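One structure is given below, encoded as structure tokens.
In full-length UniProt numbering, the protein residues as written are 1 to 105.
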């Protein structure tokens with residue numbers, strides 16, 4: 001399966017408790033078909049004290065959501081859009097916004 005969303009892209013959530021929120025992609029998990037978006041799907045986690053969290057306690061953390069629940073936001077037209085593919089003259093394959101036909105990569 002080829003993923004059309006990459007780390008660092010801005011995406012918009014389409015459904016769920018965080019519907020219409022925008023955020024940057026932090027982590028992609030291709031085998032699970034999930035990704036972690038900054039500021040989306042925040043959950044409270046009870047954490048034992050460790051080196052990273054010396055105090056422990058209840059921390060807030062982003063959890064993964066399914067890739068099918070997000071849509072890429074075009075950097076040029078700033079709208080959520082589907083993604084197409086185009087091969088340039090030099091042979092590179094790039095992602096293309098379906099709305100404004102602008103190259104994303």
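Ideal placement from N, C-alpha and C gives every residue a C-beta, glycine not left out. Treat the numbers as computed from the prediction; the structure is a model and nothing was measured.
Inter-residue spacing [alpha-carbon to alpha-carbon] between residue i and residue j
i: residue 68; j: residue 46; result: 28 angstroms
i: residue 134; j: residue 102; result: Outside the shown range of the chain, which is 1 to 105, sits residue 134, and nothing can be said about it.
i: residue 82; j: residue 96; result: 9 angstroms
i: residue 11; j: residue 105; result: 15 angstroms
i: residue 21; j: residue 54; result: 32 angstroms
i: residue 143; j: residue 84; result: An answer regarding residue 143 cannot be provided, because it is not within the stretch 1 to 105 covered by the chain.
i: residue 17; j: residue 58; result: 21 angstroms
Pick from the options that is closest to residue i, judged by C-alpha positions
i: residue 4; options: 19, 58, 86; result: 86
i: residue 106; options: 53, 98, 59, 16; result: Residue 106 is absent from the model: the chain starts at 1 and stops at 105.
i: residue 15; options: 65, 48, 104; result: 65
i: residue 33; options: 92, 70, 88, 17; result: 70
i: residue 100; options: 80, 88, 92; result: 80
Own chain, CB closer than 7 angstroms to residue i, minus 5 neighbours either side, in chain order
i: residue 38; result: 23, 24, 26, 62
i: residue 56; result: 47, 48, 49
i: residue 163; result: With the chain represented from 1 up to 105, any question about residue 163 goes unanswered, as that position is not in the structure.
Close Cβ partners of residue i (< 6 angstroms) along its chain, the five nearest in sequence each way excluded
i: residue 7; result: 25, 28
Residue i, buried or exposed, once every other Cβ within 10 Å from all chains shown has been counted against 16
i: residue 74; result: buried
i: residue 78; result: exposed
i: residue 94; result: exposed
i: residue 88; result: exposed
Close-in-space but distant-in-sequence residues of the same chain around residue i (CB under 8 angstroms, 5 per side omitted)
i: residue 60; result: 42, 43, 44, 45
Just to confirm the assignment: which complete beta strand (DSSP E) runs, minimum length 3, are found wholly within the stretch 36-81?
42-47, 57-62, 70-72
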